[in-house]
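Structure first, commentary second.
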Amino acid sequence: MMSMKRATTLIACCLVAGALLAGCGRKAAPVEAETKAGAPDRLVQVRGAAVTETVADETIAVTGSIEASTDVSIASKVPGRVVAIGAQEGERVPAGRVLVRLDDAAARGGVTQAEAGLRSARAQLEKASLSLSLVETQADSGVRTAEAALAAARARQESARS
Numbered sequence: 027m028m029s030m031k032r033a034t035t036l037i038a039c040c041l042v043a044g045a046l047l048a049g050c051g052r053k054a055a056p057v058e059a060e061t062k063a064g065a066p067d068r069l070v071q072v073r074g075a076a077v078t079e080t081v082a083d084e085t086i087a088v089t090g091s092i093e094a095s096t097d098v099s100i101a102s103k104v105p106g107r108v109v110a111i112g113a114q115e116g117e118r119v120p121a122g123r124v125l126v127r128l129d130d131a132a133a134r135g136g137v138t139q140a141e142a143g144l145r146s147a148r149a150q151l152e153k154a155s156l157s158l159s160l161v162e163t164q165a166d167s168g169v170r171t172a173e174a175a176l177a178a179a180r181a182r183q184e185s186a187r188s
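According to the numbering used here, the sequence shown holds residues 27 to 188 in order.
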């Protein structure tokens with residue numbers, strides 16, 4: 027970045043060069059036309075000089091404002107406390123660079139809770155599966171007992187008829 031003194035010197039040199047170029051670029055009116063219009067009949071001699079960079083002894087204080095051509099808003103997808111900032115204000119950053127790092131302790135706590143909930147749900151599923159197996163076994167046994175009782179009752183009925 028240029029220092030203010032250097033920038034001022036550069037601006038002053040550019041202005042002088044622009045003035046010289048503007049003055050030299052005009053076509054001179056014929057001398058006859060100037061004399062007819064009542065202008066004095068004298069020539070002014072101008073000496074040209076090369077533009078060089080020098081240190082200015084004088085400084086000029088100016089007031090102004092600088093605005094970026096584009097503004098970018100940055101937002102996080104999740105709320106959190108900022109623990110690190112990866113760029114300075116006004117710094118040019120490439121795409122994909124991490125600009126802000128958030129405290130992830132709350133998120134890690136949420137993950138731990140979710141994992142504990144998952145383990146609990148799996149244990150409940152295992153318990154329910156075992157209970158289901160026990161109930162199915164008991165039901166099968168009850169059905170076989172009922173079928174045997176039915177067969178015995180039919181056999182008694184047949185023997186009573188005969």
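Where is the CB? At the ideal position from N, CA and C, for every residue including glycine.
Item to complete: Return the bridge partner residues of residue 187 from the DSSP annotation.
Response: For residue 187, which the question treats as bridged, DSSP gives no partner whatsoever.
Fill in: Sequence ranges, alpha helix (DSSP H) only - wholly within the segment 101 to 158, length at least 4
none
Fill in: Nearest residue (CA-CA) to residue 111, options 105, 123, 104, 145
123
Item to complete: Verify whether the separation of the beta carbon atoms of residue 70 and residue 43 is less than 7 Å.
Response: no
Item to complete: May I ask you to report which of helix, strand or coil DSSP gives residue 86?
Response: coil
Worksheet item: Among 150, 87, 108, which one has its Cα closest to the Cα of residue 130?
Response: 108
Worksheet item: Does the beta-carbon distance from residue 113 to residue 125 come in below 7 Å?
Response: In this structure, residue 125 lies closer than 7 Å to residue 113 by Cβ.
Worksheet item: Taking the alpha-carbon positions, what's the residue 167 to residue 188 distance?
Response: 32 Å
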